[in-house]
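Undergrad:
Protein chains in written order, with my numbering: chain A, 109 to 445; chain B, 109 to 445.
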C-alpha cells in the first residue's frame, strides 16, 4: 500500500511530518510517497538523521498556506505540495493522501482534482473525537458552511459506514446536533433534516442530540452542517485545552502541589490520553472518490503517524467503495449511468 | 425595589427558589413578590422553617412545565406562575421578574405580555459565562433559532450596553462567533452580519471569534444566532461537566489519591469557583421592555440568589432604559412616533 504524504502541510512541516511518515513506514510497513520541495525534504531529513529509504519524492516547489484563498490550489498554487499529492492520488499513484495543510484548500482540491463519489452532493470533514465513554465521529466539521437537509442525510450515511467499517461499531447511533431533543426544535434545516433522517432507514437514527450530551458520547455519529460542526469541534477543543491548562497550573504551583501530582499521576495520565485527539489521527474527507485524510494543523510526529494509520485502515476497509455502493441515488442519477 | 419571583419554575422549585428568594430579601434588602400556588408556597416554607415575612404571594394555580409548548403560556397556562409574574411585571407591580422555568415559555411570555423595547426586532437570551480570564456575555443563547443579520447587530448593541453598565467593562470587545477570523468566513448570515457590525460604530467590534478562543475570554460579548449560541453554551457546559466528573474520579480512587487531593485542594476549589456559572446568576432577556432574568433550570439556593442579585443590578443600572435610548432605529420607526 502506498500513502501519499504532503510533506509541506501543517504548522510543523516538514520535520514533524517526515518523522511521522518515517514511523509509519517502519511500523506499518507502508510505502510512502512524499510531495514538496525535494531539496528541502532531503536537507531536513539529513540534518535530523531521518532515513528516506524506500520513499519516493514528487517534487513540488510551492506550498499552499493557511492564508491563501483555498481556490488558489486550482490556480497559482497548482504546483503546491498539496495539489501535486492530490493529482498523484487521482492518477492512482497511491492509495490515500494525508495532509496537515489548509482544510479549505484540501476540500477544494479533493473535490476538483480527485472528485466526489457519484451521487454525493457534498464531501464532509469527519472528525473522530474523544468522549467520556467512546470515541465518536462528527461531520461535517467545516467543509460546507451552508448545507441543505439532503446533504445532512448523506453525511449520516457516510458517517455510519465509517464507524462500522473503520471503527468497528456494529450499529452506530446516528444523531442530529440540535438545540433540543424534540423533532420540532431548531431551524428549518434541522426540522427538515430530522424528518428525512427518520425516514431514511439506512442507519439507526436516534433523534436529536443536544450539545451538552456530545462530550458524554451520547451518539456514535453526530450529524451537523459544517458551520455548526466546526463551532462544536473548536469549542470542545478550546474548553478542554483551557481546563487542562488550569489543571496544570494547579499542580505546578508549589512543592506541595507537585507532591500532590505524584499521587494522582497515573489517573491524570490516563485521562489526558483519553482526551487526546492525536490518538485518533486525522479527519477523513468523506464523499471523495479516493481516501483523503486531513491531519490536524498542529500535528507533530505522533499525530501525523496516527493520521497515516487511519489512512491505512480507510484503504483496507475500502470506505470509499462502501460509500459508493451504499449511497442512495435519485432516480435521475441512476438513469444517467 | 420589588423583585417578582416565579416560585414554581425550575427543577428544584419551590423549595430552592424560596431559599434563594429569602436570602435575597435578607442580604440585598429587596421586597419579594412570589408567584405560584399560595398554599403550596406556605406549606413548603413552613415545613422547611423559611419565613415569608414581608413577602407578597400572587396566587397562580398552574405551572408551565418544560414539556409544555411555550405558546401555552398564552392559552391554557395563562394562570401559571410564570404568566402571572409576567403580567404583574407588565402592570408595574414589580421592578424585575426572575424565573428558572421553561426558557421558551419565558421568551414567548415576555414578548407578548411585557413586550419588546420599541425598535427591538428580537429579544435575546444573554448568558454570562466564565472563561480562563474574564467572564463574557454570549447572546443569543436560544431565543431565536433563526436570525437575520440585523438582529445580530441589535444583539451586539444590547450586549455591549449590558457589559458596560451591569458588569462594569469600560469598552467591551464585541465579536461575532464564526468558523474563521476572516470577514469572508461562515455562511451568508455571518458574512452580512460581519459587514453590518463593522459599519455600525456603536461598539468596539473586534471581528470574528473562533469557538476555540471563547473559553479563553477572547471577547467580552460574543454575538451569535440563537441556534449557534445555544449549541456553544451547552457544549461549553457539557465539556466542563464531563471533565470535572473525570477529575473527581481521579481524586477519589484510593487513599493515596485522596491524599493528593488535600495537597491541591485550594487550587482546585478556586478553579471550580472560577468555572461555576451559578456565581454569575442567570441570563437576562435583553430587548424586553422591563427586566426579565432567566435563572438556570437546575438552580438551587445560591444560583437563584445570584439571579435575583443580577436582576437588582439590571434594575439599578436601568439596562432597559439604556437599550431603549441607544437602540438605533430605522427612519420608518422614527416617523411612527
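Note that the Cβ used here is the ideal one computed from N, Cα and C, for glycine as well.
List the endpoints of the continuous alpha helix (DSSP H) containing residue 293 of chain B.
TA: Residue 293 of chain B -> no alpha helix (DSSP H), and no H or E assigned at all.
Undergrad: On the criterion of 16 or more Cβ atoms from any shown chain inside 10 Å, does residue 323 of chain B qualify as buried, or is it exposed?
TA: Under this definition residue 323 of chain B is a buried residue.
Undergrad: Please report the straight-line C-alpha distance between residue 267 of chain A and residue 119 of chain A, rounded to a whole angstrom.
TA: Roughly 28 Å separates the two Cα atoms.
Undergrad: Answer yes or no: do residue 192 of chain B and residue 213 of chain B have a C-beta to C-beta separation smaller than 8 Å?
TA: Result no, Cβ atoms of residue 192 of chain B and residue 213 of chain B do not sit closer than 8 Å.
Undergrad: If I'm right that residue 259 of chain B touches residue 282 of chain B with Cβ under 8 Å, what's the distance once you round it to whole angstroms?
TA: Residue 259 of chain B to residue 282 of chain B, Cβ: 15 Å. No contact.
Undergrad: Residues in the same chain with beta-carbon distance under 7 Å from residue 288 of chain B, minus the five sequence neighbours each way, listed in chain order, please.
TA: Excluding sequence neighbours, residue 288 of chain B sits near 316, 318.
Undergrad: Answer yes or no: does any C-beta atom of chain B fall closer than 8 Å to that of residue 387 of chain A?
TA: For residue 387 of chain A, the answer is no, since every Cβ of chain B falls outside 8 Å of its Cβ.
Undergrad: Does the Cβ-Cβ distance between residue 171 of chain B and residue 184 of chain B come in under 8 Å?
TA: No, the Cβ-Cβ distance between residue 171 of chain B and residue 184 of chain B is not below 8 Å.
Undergrad: If you measure from the beta carbon of residue 381 of chain A to each beta carbon in chain B, is any gap under 8 Å?
TA: Not one chain B Cβ lies under 8 Å of residue 381 of chain A.
Undergrad: With DSSP as the reference, label residue 237 of chain B as helix, strand or coil.
TA: Looking at residue 237 of chain B - three-state DSSP - the assignment turns out to be strand.
Undergrad: List the endpoints of the continuous alpha helix (DSSP H) containing residue 378 of chain B.
TA: Where residue 378 of chain B is concerned, the enclosing alpha helix (DSSP H) stretches over 363–382.
Undergrad: Which of helix, strand or coil does DSSP assign to residue 315 of chain A?
TA: Here residue 315 of chain A sits in strand by DSSP.
Undergrad: Around the Cβ of residue 435 of chain A, are there at least 16 other Cβ atoms within 10 angstroms (buried) or fewer (exposed)?
TA: Residue 435 of chain A comes out buried.
Undergrad: Any beta carbon from chain A within less than 8 Å of residue 243 of chain B's own beta carbon?
TA: Judged by the 8 Å Cβ criterion, residue 243 of chain B is not in contact with chain A.
Undergrad: Out of A:306, A:320, A:321, which has the shortest C-alpha to C-alpha gap to residue 314 of chain A?
TA: For residue 314 of chain A, the nearest C-alpha among the options comes from A:306.
Undergrad: Let's test the definition: count the other Cβ atoms within 10 Å of the Cβ of residue 361 of chain B and tell me whether it reaches 16, buried, or not, exposed.
TA: Under this definition residue 361 of chain B is an exposed residue.
Undergrad: Strictly below 8 Å CB to CB, what residues from chain B border residue 365 of chain A?
TA: 371, 372, 375, listed in chain order.
Undergrad: Kindly give me the distance between the Cβ atoms of residue 247 of chain B and residue 233 of chain B, rounded to whole angstroms, as I take these residues to be in contact under 8 Å.
TA: Contact holds; Cβ gap of about 7 Å.
Undergrad: Counting beta carbon pairs with one atom in the region 392–404 of chain A and one in the region 421–433 of chain A, are three or more of them shorter than 8 Å?
TA: A contact exists between the region 421–433 of chain A and the region 392–404 of chain A.
Undergrad: Would you mind listing the alpha helix (DSSP H) stretches within the region 171–226 of chain A that are 4+ residues and don't spill past its ends, in chain order?
TA: Entirely contained in the region 171–226 of chain A, the alpha helix (DSSP H) runs reaching 4 residues are, in chain order, 189–198, 211–217.
Undergrad: Within 8 Å (strictly less), CB to CB, does residue 336 of chain B reach chain A?
TA: True, the Cβ-Cβ gap to chain A drops below 8 Å.
Undergrad: With 8 Å as the threshold, decide whether the Cβ of residue 323 of chain B is near any Cβ in chain A.
TA: Judged by the 8 Å Cβ criterion, residue 323 of chain B is in contact with chain A.
Undergrad: Of all Cβ atoms in chain B, is any one closer than 8 Å to the Cβ of residue 347 of chain A?
TA: Residue 347 of chain A counts as touching chain B.
Undergrad: Would residue 339 of chain A pass as an interface residue toward chain B - the criterion being a Cβ-Cβ separation below 8 Å?
TA: True, the Cβ-Cβ gap to chain B drops below 8 Å.
Undergrad: Less than 8 Å between CB atoms is the rule here; does residue 176 of chain B satisfy it with respect to chain A?
TA: So, not an interface residue.
Undergrad: Along the chain, where does the beta strand (DSSP E) containing residue 143 of chain A start, and where does it finish?
TA: Segment 139–144, the beta strand (DSSP E) holding residue 143 of chain A.
Undergrad: If we define contact as Cβ-Cβ less than 8 Å, is residue 181 of chain A a contact residue for chain B?
TA: By this cut-off, residue 181 of chain A is not an interface position.
Undergrad: If the criterion is Cβ atoms closer than 8 Å, does the pair residue 355 of chain A and residue 204 of chain A meet it?
TA: It is not a contact, given that the beta carbons lie outside the stated cut-off.
Undergrad: Between residue 139 of chain B and residue 109 of chain B, how many whole angstroms is the CB-CB distance? I'm expecting something under 8 Å.
TA: Between residue 109 of chain B and residue 139 of chain B the Cβ distance is about 7 Å, and since that is below 8 Å, they are a contact.
Undergrad: Please report the Cβ distance between residue 432 of chain B and residue 221 of chain B, rounded to the nearest whole angstrom; I am assuming they are in contact, meaning their Cβ atoms lie under 8 Å.
TA: Not quite, the Cβ-Cβ distance comes to about 18 Å (not below 8 Å), so this is no contact.
Undergrad: To the nearest angstrom, how far is it from the Cα of residue 343 of chain A to the Cα of residue 161 of chain B?
TA: Near 46 Å, if we compare the C-alpha coordinates of residue 161 of chain B and residue 343 of chain A.
Undergrad: When you compare the region 237–244 of chain A with the region 174–182 of chain A, are there three or more beta-carbon pairs, one atom per stretch, that lie closer than 8 Å?
TA: Flag = no, the region 237–244 of chain A and the region 174–182 of chain A do not touch.
Undergrad: In the DSSP assignment, the alpha helix (DSSP H) including residue 435 of chain B goes from what residue to what residue?
TA: It is not in any alpha helix (DSSP H) - residue 435 of chain B carries neither H nor E in the DSSP assignment.
Undergrad: Rounded to a whole number of angstroms, what is the C-alpha to C-alpha distance between residue 334 of chain A and residue 202 of chain A?
TA: Whole-angstrom Cα-Cα distance: 28 Å.
Undergrad: Using a Cβ-Cβ cut-off of 6 Å (strictly less than) and excluding sequence neighbours within five positions of residue 328 of chain A, which residues of its own chain qualify?
TA: Closer than 6 Å at the Cβ level, and outside the excluded window around residue 328 of chain A, lie 244, 271, 277, 280, 281.
Undergrad: Hey, out of A:408, A:294, A:399, whose CA is closest to residue 384 of chain A's CA?
TA: Checked all of A:408, A:294, A:399; the closest Cα to residue 384 of chain A is A:408.
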